[in-house]
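K.L.:
Protein sequence lines correspond, in order, to chains A and B.
Heads up: the first sequence runs through residues 0 to 738, numbered per numbering that gives the first Met the number 0.
Heads up: the second sequence runs through residues 0 to 322, numbered per numbering that gives the first Met the number 0.
Take this structure, written in structure tokens, and hold onto it; I'll ask about it next.
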Amino acid sequence: MSTETKPPPLSLDELAQLKWLLGGVLTLLGVWTVSYMDVEAWELVILTTLVAGACVWWPTLPARVPALMHTLAFPLIVAFFVGDLWLTGSILPAMVRLDILLLLYRTASYRQRRDDLQIIVLGLFLIVVAGVLTVSLAFAAQILVYTGCALLFLLTITLVDAAHGNVKAGIFAPVPRTVPGWATHADWPRLFRRLHDVADARVVVLAVALFAGVVAISAVLFMAIPRFQLENSLFLERFVTKKAKSGFNDSIRIGDVTEIQQDTGIALSVDVSDRSQAPGAPYWRMLVLDDYTEGVFRLSPRLRMTAFGARERTGASALREPMPKLGAGVVWTFFLESGVSRYLPFPGRWERVQFRESQNFRLAPDLGLLALREEPVTMTAYRVEGVEISPVIPDPSFARRWKAANDSDRRHGGLQSTLNVNVSDTERLRALADEITGGAAVAAGDFIERAGAWLRERHSYALSPVIPRGTGDPLVRWMTSREAGHCELFAGSLVLLARAAGFPARVVTGFRGGTWNAYSNNFTVRHSDAHAWTEIFDPEIGAWRRTDALAAPEVQRAAEQTGEAALARRADSSWKARLDSLRVFWYRRIVSFDQQSQTETLRNLKAGAQRGGQQLREALARAAAAVRAWFGGPWDARRVAVVVGWIALNAGVVWLVQRGRIRFRHWRSAKSDDPVRADASRWLRRLGECPVPTAECAAVRGELQRLRFGARVTWPEPEGVFRRARRALREARRERRPA
Amino acid sequence: MSDFVQAGQITEAKAAVERLRANMRLTIRGKDDIVEQVLVCLAAGGHLLIEDLPGVGKTTLAYSLARSMDCAFSRIQFTSDLLPSDVTGVAIYDETVKEFVFKKGPVIANVVLAYEINRATPKTQSALLEVMDRARVTVDGEAHAVGSPFMVFATQNPVDYEGTFPLPESQMDRFLMRLQMGYPRAADELEILRSQRGGYDAIALNPVVTRGDVLKLQTLVHQVFVEESVLEFILKLVAATRTEAEFRAGASVRAGIALRTAAQARALVLGRDFVLPEDVTELTGAILAHRLALARQTSDALEVRRAVNAVLKRILAAIPAPA
Chain A
0 MSTETKPPPL SLDELAQLKW LLGGVLTLLG VWTVSYMDVE AWELVILTTL
50 VAGACVWWPT LPARVPALMH TLAFPLIVAF FVGDLWLTGS ILPAMVRLDI
100 LLLLYRTASY RQRRDDLQII VLGLFLIVVA GVLTVSLAFA AQILVYTGCA
150 LLFLLTITLV DAAHGNVKAG IFAPVPRTVP GWATHADWPR LFRRLHDVAD
200 ARVVVLAVAL FAGVVAISAV LFMAIPRFQL ENSLFLERFV TKKAKSGFND
250 SIRIGDVTEI QQDTGIALSV DVSDRSQAPG APYWRMLVLD DYTEGVFRLS
300 PRLRMTAFGA RERTGASALR EPMPKLGAGV VWTFFLESGV SRYLPFPGRW
350 ERVQFRESQN FRLAPDLGLL ALREEPVTMT AYRVEGVEIS PVIPDPSFAR
400 RWKAANDSDR RHGGLQSTLN VNVSDTERLR ALADEITGGA AVAAGDFIER
450 AGAWLRERHS YALSPVIPRG TGDPLVRWMT SREAGHCELF AGSLVLLARA
500 AGFPARVVTG FRGGTWNAYS NNFTVRHSDA HAWTEIFDPE IGAWRRTDAL
550 AAPEVQRAAE QTGEAALARR ADSSWKARLD SLRVFWYRRI VSFDQQSQTE
600 TLRNLKAGAQ RGGQQLREAL ARAAAAVRAW FGGPWDARRV AVVVGWIALN
650 AGVVWLVQRG RIRFRHWRSA KSDDPVRADA SRWLRRLGEC PVPTAECAAV
700 RGELQRLRFG ARVTWPEPEG VFRRARRALR EARRERRPA
Chain B
0 MSDFVQAGQI TEAKAAVERL RANMRLTIRG KDDIVEQVLV CLAAGGHLLI
50 EDLPGVGKTT LAYSLARSMD CAFSRIQFTS DLLPSDVTGV AIYDETVKEF
100 VFKKGPVIAN VVLAYEINRA TPKTQSALLE VMDRARVTVD GEAHAVGSPF
150 MVFATQNPVD YEGTFPLPES QMDRFLMRLQ MGYPRAADEL EILRSQRGGY
200 DAIALNPVVT RGDVLKLQTL VHQVFVEESV LEFILKLVAA TRTEAEFRAG
250 ASVRAGIALR TAAQARALVL GRDFVLPEDV TELTGAILAH RLALARQTSD
300 ALEVRRAVNA VLKRILAAIP APA
């Protein structure tokens with residue numbers, strides 16, 4: 000053995016151990032993606048995790064599985080799948096469970112090459128399904144890790160096959176109930192040490208760099224190719240991802256929102272093309288609830304029919320009505336997370352909604368609302384143009400109907416003014432309305448302020464309200480008490496009071512406010528921002544007035560302020576916001592990236608590159624001209640001194656840099672890792688691989704050995720020895736070359 | 000290792016070793032590797048155990064070494080009735096001076112050939128313990144120094160175990176290395192057959208080094224530099240024998256020190272003032288094998304040696320040498 004001896008390469012057994020380990024890792028990576036999906040398979044996931052972990056750690060375990068199990072495994076799995084399909088009737092969840100079972104079986108038995116390849120395919124299936132459904136940033140990270148592991152796995156399989164040759168029934172052909180040789184002495188810490196010793200750092204760095212390069216190029220290509228919706232091209236439409244607690248349905252019961260407000264997950268991210276037009280705390284309208292019966296607000300069937308219409312539309316855009324735009328080209332881009340609602344949030348009235356792809360939806364032009372046919376299973380992106388943000392929402396159609404209606408129609412004709420409570424509660428409500436108005440007829444705006452103030456004076460805000468026990472309507476009981484309440488109670492109470500005072504009124508649900516992400520410059524609205532407020536019809540102006548009984552008028556006015564200052568007050572620059580900005584980046588650039596923004600980005604990239612190149616060329620040209628002009632001038636002693644000084648300065652800098660480099664390496668190196676010894680070791684290794692060992696090679700080898708293993712005081716000058724080694728190696732290579 | 004070896008000292012040492020080597024080659028043919036290891040053992044100040052069949056040159060090797068040095072040589076034929084005092088010497092009452100006078104045993108020499116050491120009883124074998132360890136014998140409470148330098152050159156037959164007493168582990172540990180001579184190659188054997196030599200007395204070699212030269216060599220060995228990674232390599236090798244399931248017990252601390260010293264001696268014998276990892280790997284078998292016992296019971300001594308050497312080779316392959 001000489002000093003140039005490299006660690007022995009990985010043996011066949013060690014490669015087989017590595018293959019086993021990577022197979023287990025791929026199985027776990029694949030199976031864990033199921034946690035993103037709303038599939039009833041957590042028992043299987045836990046079982047597979049435990050079995051895969053145990054089999055990886057103790058590779059002799061699969062030999063203890065009875066041979067009968069191997070015989071029955073596939074029939075049992077197929078029977079399970081058929082039964083699953085029969086009972087649930089859902090293809091994809093059944094396939095996911097089938098996939099997990101197959102992975103479980105593969106990971107708990109010794110594998111041949113085709114079984115290893117199956118693991119890759121089965122794991123990839125789970126990852127792709129989860130990724131396509133969730134379209135999340137985690138998917139990107141997961142597919143990267145999985146791809147890296149799969150590549151390493153394939154390399155190991157190839158190495159094992161190459162080392163194993165064409166022997167069919169060798170040590171790696173699994174024999175039931177027999178522990179293969181490699182598994183008997185598997186020692187993972189030792190394998191890791193061996194991998195560490197054997198791995199060439201340069202090759203590893205190169206491989207990682209190549210992988211990163213391929214990923215970067217793929218990312219650029221991905222951004223350049225046209226978008227398409229994968230889930231619509233496959234059979235995943237009915238498959239449901241994890242749901243957040245939304246509570247935004249056609250009807251809400253008082254108290255349900257409490258749960259939503261505990262959820263701080265993101266519900267909505269909104270890009271605003273012109274920040275000066277963005278209010279500090281928008282009200283994101285989603286749903287109007289006009290009917291009230293026994294503590295339940297709901298969208299009445301009548302309004303559903305009249306507002307949303309009987310016909311469902313299909314298309315990539317929804318055009319409402321032309322209206323003055325808020326400045327030229329102001330666009331609001333919404334990224335609505337899955338599981339929030341099928342009703343899309345809007346910050347006010349709007350003219351046009353553009354989806355990424357064709358959707359089935361119903362449009363309520365008078366209400367300014369849009370409902371998709373079903374709650375989206377993935378993040379839904381849409382752009383809204385012609386947005387008008389105002390606390391006053393004109394409704395000419397309703398105004399005409401209100402004007403034409405008589406008193407009876409107004410009370411019972413579905414004009415959003417029906418109390419729907421018993422006689423005594425009706426009387427109590429009218430008495431309360433009289434108390435608020437002082438028994439006089441007041442304008443809607445005046446009533447709104449008085450009623451809001453009356454409610455805020457009697458009730459404080461609380462997430463967990465207490466509704467007093469008793470008979471009659473629960474909302475009236477709360478209103479007449481002094482208990483604290485949440486937004487729905489305030490909004491509902493204001494609706495009843497307004498209707499008692501003779502004003503049409505309705506509850507509106509959605510979100511209020513949100514934060515302004517200081518990193519990605521967008522609104523971030525969380526589930527905890529869910530809110531309910533009131534819209535009261537003002538017959539004098541023929542429009543609905545938005546009012547938030549929880550907020551004082553001055554607070555509401557402050558929330559309506561627009562521009563940078565208003566956004567700055569809501570700016571969030573925390574670490575959480577930084578993480579959220581990554582998600583928005585992902586949405587902007589990868590998910591919701593239509594042809595136009597794609598072209599814009601590529602154009603910007605090109606323009607930026609051209610601009611940078613042009614600037615660089617100009618700077619170089621200016622520098623060259625200046626140098627030429629300087630050298631072309633008359634020479635004197637001072638100029639010569641400047642040149643000499645400049646050369647000396649550069650030489651000094653080079654010398655200092657080199658010294659610094661050596662000192663830095665000395666500083667970084669531990670005692671056992673002396674840089675000179677390390678260099679000597681490297682040169683010894685290179686000389687050991689020298690094709691023709693010349694006399695010079697032999698001579699310099701002794702000196703290198705002294706540098707590597709000798710006492711420091713006996714060292715020759717290291718740099719000189721290394722130079723000689725370089726020369727010797729070059730000569731040896733030259734001699735090897737055929738004439 | 001406090002002082003470093005001067006270039007001149009290395010040259011002198013190398014010259015002395017080369018003289019010894021050349022002189023021994025006159026009688027030991029085709030066994031350069033064995034001669035080199037004997038010289039390493041001499042330089043390291045250790046004792047040597049040679050195991051092989053009778054008549055392959057064990058005694059000749061010892062004679063050659065002893066006669067190449069200007070040293071006292073003695074030969075002890077170990078038998079089952081040999082007494083400790085036959086080895087160490089005995090105090091005899093002298094009428095003329097009216098007191099006990101110490102009569103030196105054959106062990107009081109510079110090179111002692113302990114022939115067929117395993118034929119003596121354990122009691123007699125153990126008489127060698129002190130002298131091998133401390134280079135002195137104690138008789139009737141009085142210590143007597145043996146020669147300086149002092150080297151025990153023991154032989155034993157690995158095949159014929161009839162009527163023998165295997166050396167205890169404690170005594171095995173005191174031998175720096177164990178060697179096997181092996182048969183010579185055909186050409187070398189033919190050359191031996193052509194020679195007219197008859198008997199050990201016919202080995203006519205002139206001393207080429209003095210006792211002082213050998214002592215200087217032995218002193219110089221301890222000044223040969225051992226780099227940290229080489230020391231760690233030695234430690235890893237020794238530690239690996241302790242965790243190896245096939246061994247009943249691992250190598251001792253003394254074994255590690257012996258490996259380091261032998262590696263230093265080899266470096267010096269080859270004219271270097273620093274140790275290379277190959278010095279360690281080349282000597283690992285000779286230094287460690289006789290100190291290790293297999294966990295499984297095997298009656299065949301040759302099988303034991305083969306198995307131990309195989310495990311040591313595996314350990315050497317598994318532990319990367321510093322490069």
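We treat Cβ as the ideally placed atom computed from N, Cα and C, and that holds for glycine.
Computed from a predicted structure; not experimentally measured.
Along chain B, which residues have their Cβ under 7 Å away from the Cβ of A:R705?
P.N.:
Neighbours of A:R705 on chain B, chain order: F273.
K.L.:
Quick one: what's B:M176 bridged to in DSSP?
P.N.:
Note: B:M176 sits in a beta bridge opposite B:L47.
K.L.:
From A:Q415 to A:F536, what distance separates their C-alpha atoms?
P.N.:
Whole-angstrom Cα-Cα distance: 9 Å.
K.L.:
Just the Cα atoms here: how many angstroms apart are A:F752 and B:V225?
P.N.:
Nothing can be reported for residue 752 of chain A, as the shown portion of chain A is limited to 0 through 738.
K.L.:
List the whole-angstrom C-beta distance separating A:L495 from A:L428, where the pair is believed to meet the contact cut-off of C-beta under 8 Å.
P.N.:
6 Å between Cβ atoms; contact.
K.L.:
Taking 8 Å as the cut-off, does the stretch 100-120 of chain A touch the stretch 69-76 of chain A (at least 3 CB pairs, one atom from each stretch)?
P.N.:
Segments in contact, yes.
K.L.:
Of all Cβ atoms in chain A, is any one closer than 7 Å to the Cβ of B:P206?
P.N.:
Answer no: the Cβ-Cβ gap between B:P206 and chain A never drops below 7 Å.
K.L.:
For a quick check, are the C-beta atoms of B:A43 and B:L219 less than 7 Å apart?
P.N.:
It is not a contact, given that the beta carbons lie outside the stated cut-off.
K.L.:
Pick out whichever of A:A677, A:P503, A:A727 has its Cα sitting closest to the Cα of A:C689.
P.N.:
The residue with the shortest Cα to Cα distance from A:C689 is A:A727.
K.L.:
Under 7 Å, Cβ to Cβ, is there at least one residue of chain B near A:D186?
P.N.:
Answer no: the Cβ-Cβ gap between A:D186 and chain B never drops below 7 Å.
K.L.:
Tell me whether the beta-carbon of A:W283 lies closer than 7 Å to the beta-carbon of A:P344.
P.N.:
A contact, by the Cβ cut-off of 7 Å.
K.L.:
In chain order, what residues of the same chain have a beta carbon less than 8 Å from the beta carbon of A:A315, not counting five sequence neighbours either side?
P.N.:
Closer than 8 Å at Cβ, skipping near neighbours: Q353, F354, R355, E356, S357, Q358.
K.L.:
How is A:P278 classed by DSSP in three states: helix, strand or coil?
P.N.:
A:P278: strand per DSSP, three-state reduction.
K.L.:
Using a Cβ cut-off of 7 Å (strictly closer), state whether B:E226 contacts chain A.
P.N.:
Yes - at least one Cβ of chain A is within 7 Å of the one on B:E226.
K.L.:
Going by C-alpha to C-alpha distance, which of B:V138, B:T26, B:R253, B:V310 sits closest to B:V100?
P.N.:
The residue with the shortest Cα to Cα distance from B:V100 is B:V138.
K.L.:
Assuming B:R241 is part of the alpha helix (DSSP H), what are its boundary residues?
P.N.:
Start and end: 227-242.
K.L.:
At a CB-CB cut-off below 7 Å, which residues of chain B make contact with A:L683?
P.N.:
Residues of chain B passing the Cβ test: A322.
K.L.:
Consult DSSP for A:T26 and reduce its assignment to one of helix, strand or coil.
P.N.:
Looking at A:T26 - three-state DSSP - the assignment turns out to be helix.
K.L.:
Between the alpha carbons of A:V420 and A:P503, how many angstroms are there, rounded?
P.N.:
Going from the Cα of A:V420 to the Cα of A:P503 covers about 16 Å.
K.L.:
Please confirm if the stretch 569-587 of chain A is in contact with the stretch 513-522 of chain A, defined as three or more CB-CB distances below 8 Å between the two stretches.
P.N.:
Contact holds: three or more Cβ-Cβ distances are below 8 Å.
K.L.:
Starting from the Cα of B:L19, find the closest Cα among B:Q5, B:L52, B:D69 and give me that residue.
P.N.:
When only C-alpha atoms are compared, the closest one is B:D69.
K.L.:
Apart from the five residues just before and just after A:D547, which ones in its own chain have a Cβ nearer than 7 Å to its Cβ?
P.N.:
For A:D547, where only same-chain residues beyond five positions count, the Cβ hits under 7 Å are W532, Q555.
K.L.:
Could you work out which residue in A:P552, A:W181, A:T417 is closest to A:W453 when comparing CA atoms only?
P.N.:
Checked all of A:P552, A:W181, A:T417; the closest Cα to A:W453 is A:P552.
K.L.:
Use the C-beta contact count for A:F721: other C-beta atoms within 10 angstroms, 16 or more gives buried, fewer gives exposed.
P.N.:
Per the 10 Å Cβ criterion, buried.
K.L.:
Can you name the start and end residues of the beta strand (DSSP E) that A:T332 belongs to?
P.N.:
Note, A:T332: beta strand (DSSP E), 330-335.
K.L.:
At the level of alpha carbons, what is the spacing between A:I544 and A:S268?
P.N.:
Note on residue identity: the sequence assigns Arg, not Ile, to residue 544 of chain A. Distance between the alpha carbons of A:R544 and A:S268 is about 26 Å.
K.L.:
Give the DSSP-derived three-state secondary structure of A:L267 in the structure shown.
P.N.:
Here A:L267 sits in strand by DSSP.
K.L.:
Taking 6 Å as the limit between beta carbons, can you name the residues of its chain near A:G486, skipping five residues before and five after?
P.N.:
The residue you asked about is not Gly; residue 486 of chain A is Cys in the sequence shown. Here the set comprises H530, A531, L549.
K.L.:
Could you give the distance in angstroms between the alpha-carbon of A:R616 and the alpha-carbon of A:G607?
P.N.:
Their backbone Cα atoms lie some 14 Å apart in a straight line.
K.L.:
What is the DSSP secondary structure of A:R252, counted as helix, strand or coil?
P.N.:
Strand at A:R252.
K.L.:
Compare the C-beta of B:G7 with all C-beta atoms of chain A and state if any pair is closer than 7 Å.
P.N.:
No, because no Cβ of chain A sits closer than 7 Å to the Cβ of B:G7.
K.L.:
What's the C-alpha gap between B:G198 and B:V111?
P.N.:
About 18 Å.
K.L.:
Who are the near neighbours of B:F207 in its chain, counting only those whose CB is closer than 7 Å to its CB and skipping five residues on each side?
P.N.:
Note on identity: in this sequence residue 207 of chain B is Val, with Phe being the wrong assignment. Excluding residues within five positions, the ones whose Cβ falls inside 7 Å are R18, L19, N22, S67.
K.L.:
Does any CB atom of chain B fall closer than 7 Å to the CB of A:F79?
P.N.:
Not closer than 7 Å to any Cβ of chain B, the Cβ of A:F79 fails to qualify, so no.
K.L.:
Looking only at its own chain, which residues have a Cβ that is under 6 Å from the Cβ of A:A461, when we skip the five neighbours before and after it?
P.N.:
These residues qualify, in order along the chain: A483.
K.L.:
Can you have a look at A:G651 and say buried or exposed, based on whether 16 or more other CB atoms are within 10 angstroms of its CB?
P.N.:
Burial call: exposed.
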